[in-house]
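Asks: All residue numbers for the sequence shown refer to the working numbering, where the first residue is 611 and numbers rise by one.
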Amino acid sequence: MQAALHCHTQSVTSRKDYALIITNAYLCTYYWDDPLTKEPMEPPPPPHLKALTLQRKAQKAAKIAQITASIYNWLDYQWKHPKSGLDPIPTNQSRYRTFPSAHSSQTLGRAQVGAAAAYMCTQFAALPAEEREKYEALAKEEGRLAHEEKLCAIANAGELLSPSEAQCTIDHLPSTLGLFLKKLGSVLGFHACLYLAGPEPRKEFPKAMPGHYATSARLFEQFVKTCYSDNNKLAKSLPPEELATYPTLACVPIEEVVDLQETSPQAKQVCDEVEDTEGDEHPQKKKKNAGKKKSGK
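(1) Do residue 773 and residue 809 have their C-beta atoms within less than 7 Å of each other?
(2) Looking at the structure shown, is residue 738 part of a helix, part of a strand, or coil, going by DSSP?
(3) CB-CB under 8 Å to residue 571, same chain, minus the five flanking residues each way: which ones, in chain order?
(4) Within the continuous alpha helix (DSSP H) that includes residue 774, where are the two ends?
(5) Excluding the 5 residues preceding and the 5 following residue 734 in the sequence, name in chain order all residues of the same chain whose CB lies nearer than 6 Å to its CB.
(6) On the three-state DSSP scale, how would you describe residue 645?
(7) State whether the stretch 671 to 681 contacts the stretch 641 to 649, with contact taken as three or more CB pairs (one from each stretch) at a distance under 8 Å.
(8) For residue 623, count neighbouring C-beta atoms within 10 Å of its own C-beta (all shown protein chains included) and say buried if the count is 16 or more, exposed if not.
(9) Count Cβ pairs between the stretch 790 to 805 and the stretch 828 to 846 that sit closer than 8 Å; are there 3 or more?
(10) Which whole-angstrom value is the C-beta distance of residue 662 and residue 670, which I expect to be below 8 Å?
(11) Between which two residues does the alpha helix (DSSP H) containing residue 790 stretch?
(12) Count the other C-beta atoms from every protein chain shown that fall within 10 angstroms of the C-beta of residue 737, then say buried if there are 16 or more, exposed otherwise.
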């Protein structure tokens with residue numbers, strides 16, 4: 611329940627995702643066709659017996675949507691209607707003589723944070739003026755140091771992290787980039803993923819295995835090819851008249867074009883043709899003259 615409350619404070623998307631997680635856990639234990647009001651009398655069927663017709667697939671999708679909506683509504687109701695009873699821990703603490711009487715009135719729910727903030731403001735206002743100034747100066751100094759640390763982190767963003775910092779960054783990738791990749795894939799209609807290759811500090815790989823990485827990347831590409839039909843590809847394709855407006859090197863920066871010119875003969879030939887066309891006022895005449903020279907030779 612604590613995880614559900616945490617997701618409820620984040621966003622509507624996190625609440626729906628948490629409801630889907632519970633639905634998946636439910637379907638791992640119970641068969642989707644079992645009545646919701648009765649306990650299952652037999653285990654779920656094996657995977658090879660789960661082949662469904664189109665009608666049964668529609669029934670299963672409707673049943674899963676019903677289960678997910680029920681779980682989401684139940685969690686939402688529990689959040690909006692907290693228990694009215696007092697928390698037993700603050701209630702017992704209020705019996706001590708050293709416990710402030712004003713703090714014993716807080717209850718569970720969203721009022722807990724407000725009661726704690728009001729209590730701290732009251733206690734801070736009761737302090738002498740000199741002590742309040744000292745704490746205010748300390749807060750300003752801590753804020754300045756935090757701001758400088760943030761600016762330093764931004765300035766040194768391109769430097770190599772230490773092993774502990776790198777491992778911490780790797781551990782937080784699902785929470786930082788997972789939602790972005792999920793939304794990006796849903797908006798573009800693609801399979802969005804992130805490839806990381808290298809020695810992870812925690813695992814201490816004895817040697818690199820580039821062949822395994824290439825195999826996994828190739829398997830993912832083969833998997834993506836099977837996810838889209840010809841109709842999906844046509845629906846995602848640009849019209850011919852719009853496709854003709856896109857130049858060949860429109861998305862390649864100038865620096866990369868120079869590098870390609872040095873390394874690839876084909877790219878060098880394309881770049882030379884583009885430069886000749888841009889520098890000549892009559893490119894068609896120049897091509898005709900070039901043809902005459904070749905024939906004369």
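Just so you know, even glycine gets a beta-carbon here, dropped at the ideal spot from N, CA and C. Values in this document were obtained by computation on a predicted structure and should not be read as measured data.
Replies: Working from what's here:
(1) No, they are not a contact pair.
(2) coil
(3) The chain is shown from 611 up to 907; residue 571 falls before or after that span and cannot be answered.
(4) 773 to 781
(5) none
(6) Here residue 645 carries a coil assignment [DSSP, helix/strand/coil].
(7) yes
(8) exposed
(9) yes
(10) 6 Å
(11) First-last of the alpha helix (DSSP H) with residue 790: 788 to 798.
(12) exposed
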